[in-house]
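S.K.: Going by our numbering, the sequence shown opens with residue 364, and the numbers climb by one from there.
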Amino acid sequence: MDLRDYLNVLRKNRELIVVKKPVSTMFEIAALTGHLDGKEAVIFKNVKESNMHVAANVCGTRKRFATAINSDIDFIHKRVFDVLSEPKKLKTEDAKFNENISKDLSILPIVTHFEKDAGPFITSSIVFTKEEESGNQNTSVHRFLFLDGKHMAIRMVEGRHLHKCYQYAKEHGEDLRVAVVVGVHPAVTIGAAYQASYGQDEMKIANSLMDGTLTLNKCNYSGLMVPSRAEIVIEGRILKDRFEEEWMVEMLRTYDHKRKQPVFELESIRYRNNAIYHDVLPGYAEHRLLMSMPVEARILQGVKNVVPTTKRVCLTNGGCNWLHVVIQIRKRLEGESKNALLAAFAAHPSLKMGIVVDDDIDPTDEEAIEYAIATRFQADRDLIVIPNAKGSSLDPSSEQEKLLTTKMGIDATATLLKPKERFEIANIPGYDSVKLEDYLD
Numbered sequence: 364m365d366l367r368d369y370l371n372v373l374r375k376n377r378e379l380i381v382v383k384k385p386v387s388t389m390f391e392i393a394a395l396t397g398h399l400d401g402k403e404a405v406i407f408k409n410v411k412e413s414n415m416h417v418a419a420n421v422c423g424t425r426k427r428f429a430t431a432i433n434s435d436i437d438f439i440h441k442r443v444f445d446v447l448s449e450p451k452k453l454k455t456e457d458a459k460f461n462e463n464i465s466k467d468l469s470i471l472p473i474v475t476h477f478e479k480d481a482g483p484f485i486t487s488s489i490v491f492t493k494e495e496e497s498g499n500q501n502t503s504v505h506r507f508l509f510l511d512g513k514h515m516a517i518r519m520v521e522g523r524h525l526h527k528c529y530q531y532a533k534e535h536g537e538d539l540r541v542a543v544v545v546g547v548h549p550a551v552t553i554g555a556a557y558q559a560s561y562g563q564d565e566m567k568i569a570n571s572l573m574d575g576t577l578t579l580n581k582c583n584y585s586g587l588m589v590p591s592r593a594e595i596v597i598e599g600r601i602l603k604d605r606f607e608e609e610w611m612v613e614m615l616r617t618y619d620h621k622r623k624q625p626v627f628e629l630e631s632i633r634y635r636n637n638a639i640y641h642d643v644l645p646g647y648a649e650h651r652l653l654m655s656m657p658v659e660a661r662i663l664q665g666v667k668n669v670v671p672t673t674k675r676v677c678l679t680n681g682g683c684n685w686l687h688v689v690i691q692i693r694k695r696l697e698g699e700s701k702n703a704l705l706a707a708f709a710a711h712p713s714l715k716m717g718i719v720v721d722d723d724i725d726p727t728d729e730e731a732i733e734y735a736i737a738t739r740f741q742a743d744r745d746l747i748v749i750p751n752a753k754g755s756s757l758d759p760s761s762e763q764e765k766l767l768t769t770k771m772g773i774d775a776t777a778t779l780l781k782p783k784e785r786f787e788i789a790n791i792p793g794y795d796s797v798k799l800e801d802y803l804d
């Protein structure tokens, strides 16, 4: 399976818009994608600056995220837990991406998204490299700033796995060989975005999410194994001694601060006939979901260890799917909600606010959550405030240099000290089965 197969599924489900009119990579694609935020996926078939097509908002809703990993929307995290415990063996297949070759990055439809970005960015890029210590491959998602036809600046978070590989190569006086993949089945991106343990192969996670249908092929220059049906494979090296300044919009839709980052130097680009370039609009739904859904799974696991009756967790849209979480539990004892909040803060230190609700409240329904706060929360007994805690470097209201923030927890569950009936939400029998249109002429 590949990106084309997935787009065909979306087309059949009427979740894909096809744009045939000419569009530009300079803001226009970003603006049109922004208008579709939380709605359909889109493919642009007439890009002014490139012969390639551009797909965007591919995995921009929880429903499409579930479709990508062969799951129901309510069981996404269970699906992730299941595949982690039963990784499927990877197979090889002849590479589709060897149909064409180029030595020029400017053939790609790299999008400029925002007014004050440092330039055009590749935002769906998955980086493959080899961990010299273990001999295993590492896979992770990174952005690339286009510099010229041969060079890009890569954003690497210090201490993460790719940065460790880069530091190891640098300490041994070497550049780091990498393969950069653009345009794959979303399950591959999801697997790459999952922060697996150092030495664990993220592609085995992706293969399990795809029920064993992911196939790999060996790259010519780097020798790395990448998805054989990838649309575009960019090979080269991250230079040990060259750095350029870069910045762009982050998950909170605010600009990241300027920083010097290592430079990637191109060896070759290999790509399929009629290649589809995948663009992810920074700070919008697809970007936030790809980053947050693996984190939701980690939060759920952490909270369940403390409160086994935890049902669901949801990193909220208003909290940029990163800073605010809603936790749904079946409450058994007073105090459990506070334990759940503390466990969530520990599982995802970037959290700024957590809300715990009962199992009759949908944690994805913002109106239902506010209803729970309005009818079940008292600030003098149900509010937790934790000052000077480790937070997110992205939050402009925090002490970003020190990573310090104040966390807030809200227990919006019904107290067990009052009769349950006092909090029962009234139900109209047959409400879900009655359709108004059946009663109209």
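Backbone N, C-alpha and C define an ideal beta-carbon position, used for all residues, glycine too.
From a predicted model like this one, the values you see are computed outputs, not experimental measurements.
#1: Compute the beta-carbon to beta-carbon distance between V490 and V541, rounded to the nearest angstrom, for a pair I have assumed lies under 8 angstroms.
#2: Under a three-way DSSP split, which group does Q664 fall into?
#3: Under a Cβ-count criterion, where at least 16 other Cβ atoms within 10 Å of its own Cβ denotes burial, should Q741 be classed as buried or exposed?
#4: Measure from the alpha carbon of K765 to the alpha carbon of each residue in S413, D368, N751 and L653, then state which is nearest.
#5: Strictly by DSSP, which residues pair up with R600?
#6: State yes or no: is the C-beta of A516 nearer than 7 angstroms to some heavy atom of the ligand MN?
#7: Give me whichever residues DSSP pairs with E495 in a beta bridge.
#8: With V670 and I692 assumed to form a contact (beta carbons below 8 angstroms), what rounded beta-carbon distance in angstroms separates them?
#9: Where does G498 land, buried or exposed, given buried means 16+ other C-beta within 10 angstroms?
#10: What are the boundary residues of the beta strand (DSSP E) that Q691 is part of?
#11: Using 8 angstroms as the cut-off, can you tell me whether the region 774-783 makes contact with the region 733-740, which would need three or more C-beta pairs spanning the two stretches below that distance?
#12: What does DSSP give as the partner residue(s) for R622 in the beta ladder?
#13: Have a look at H505, H514, A735 and D538 and flag the residue whose alpha-carbon is nearest the alpha-carbon of R523.
#14: Taking 8 angstroms as the threshold, find out whether the region 652-670 comes into contact with the region 435-446 through three or more Cβ pairs.
#15: Does the beta-carbon of Y802 have 16 or more other beta-carbons within 10 angstroms, so that it is buried, or is it exposed?
#16: Would you kindly work out how many angstroms separate the C-alpha atoms of Q664 and V688, rounded to a whole number?
#17: Tell me which residues share the same chain as D437 and place their Cβ nearer than 8 angstroms to its Cβ, disregarding the 5 neighbours each side in the sequence.
#18: If contacts are defined as beta-carbon pairs under 8 angstroms, then M573 and T502 qualify, I think. What distance do you get, rounded to the angstrom?
#19: Give me, in chain order, the residues of the same chain whose beta-carbon lies closer than 8 angstroms to that of E787; leave out the 5 immediate sequence neighbours on both sides.
#20: So what does DSSP say about A458, is it helix, strand or coil?
#21: Would you mind reading off the limits of the alpha helix (DSSP H) that contains S448?
#22: Can you list, in chain order, the residues of its chain with a C-beta nearer than 6 angstroms to that of N420? Leave out the 5 residues immediately preceding and following it.
#23: Give me the Cα-Cα distance between G586 and R635, rounded to the nearest whole angstrom.
#24: If contact is defined by three or more beta carbon pairs under 8 angstroms, each pair taking one atom from either stretch, is the region 715-724 in contact with the region 696-705?
#25: Distance check for F428 and P726, CA to CA, integer angstroms please.
M.R.: In short, the structure shows the following:
#1: 5 angstroms
#2: helix
#3: exposed
#4: N751
#5: R540 and E628
#6: Judged by which ligands are present, the structure shown has none, so any question about the ligand MN falls away.
#7: Beta-bridge pairing links E495 to no other residue.
#8: 6 angstroms
#9: exposed
#10: H687 to I692
#11: yes
#12: E609
#13: H505
#14: yes
#15: exposed
#16: 14 angstroms
#17: R675
#18: The Cβ separation is near 14 angstroms, so there is no contact.
#19: none
#20: coil
#21: I439 to S448
#22: T396, L399, A404, V405 and E649
#23: 19 angstroms
#24: yes
#25: 17 angstroms
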